Amino acid sequence: MITVIAAVAENNALGKENQLLWHLPDDFKRFKTLTSGHYIIMGRKTFESFPKPLPNRTHVIISRQANYHPEGCIVVNSLEQAIEACPKTEEVFIIGGGEIYRQSIAVADKLDLTKVHATFEADTYFPEVDLSEWQLVFEEYHPKDERHDFAFTFQTYLRK
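Structure below.
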């Protein structure tokens with residue numbers, strides 16, 4: 191199963207200058223819980239936005255740079271090669287960035303989204319999703335609180 195996982199603002203904003211636009215500890219916790227022990231597919235810039243590789247996950251990085259080989263990671267040239275590098279019997283997570291999300295929506299089986307209830311100025315956006323192709327199977331609202339500057343909703347969609 192191929193799962194696209196992302197935190198997305200109301201205006202589909204994802205990030206700016208290779209950084210997230212918000213800090214939502216419960217979203218980080220959910221991301222870690224869902225992706226731990228799995229293969230995660232990402233673009234090179236997304237990988238480079240991490241201080242170090244994420245623990246307990248196999249990193250598959252899509253890059254056009256011929257000499258790009260971060261230690262302990264699988265590096266490929268395309269989304270197709272990235273998917274091919276992952277086990278067919280396990281859930282695989284696509285974690286960004288914008289261009290990788292754009293390419294992967296067509297092949298994804300599941301969307302695990304955190305909808306951040308605010309709009310942001312950004313340079314990277316999540317692609318428009320035709321929700322008529324997806325069935326909402328889980329939704330959980332979280333209000334703004336002392337640890338979270340914005341209200342947000344966890345949403346899981348399965349392809350119809």
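Mapping of the sequence shown onto the working numbering: residues 191 to 350, in sequence order.
Think of the CB as a built atom: it goes at the ideal place given N, C-alpha and C, for glycine as much as any other residue.
It should be emphasised that the depicted structure is a prediction, and the values quoted were computed from it without experimental measurement.
Under the 8 Å Cβ criterion, the region 245 to 253 counts as touching the region 226 to 234, having at least three qualifying pairs. Comparing alpha-carbon positions, the option among 224, 321, 260 and 270 lying closest to residue 235 turns out to be 260. For residue 290, no pairing in a beta bridge is given by DSSP. Between residue 333 and residue 257, the alpha-carbon positions lie close to 45 Å from each other. Residue 294 sits close to residue 269, with the two beta carbons spaced by under 8 Å. Collapsing the DSSP output to three states places residue 349 in a strand.
Leaving aside the five residues that flank residue 308 on each side, the residues in its chain whose CB is nearer than 7 Å to its CB run, in chain order, 199, 200 and 340.
Among the bridge pairs identified by DSSP, residue 232 is matched with 251. DSSP places residue 272 in the uninterrupted alpha helix (DSSP H) bounded by 269 to 274. Separation of residue 312 and residue 289 (C-alpha to C-alpha, rounded to the nearest whole angstrom) is 14 Å.
Annotated three-state conformation of residue 214 is coil, per DSSP. Contact annotation: residue 320 and residue 195 have beta-carbon atoms that are not nearer than 8 Å. Counting the other CB atoms within 10 Å of its CB gives residue 204 a total of 16 or more, which places it among the buried residues.
In this model, residue 281 and residue 335 are separated by some 32 Å (Cα to Cα).
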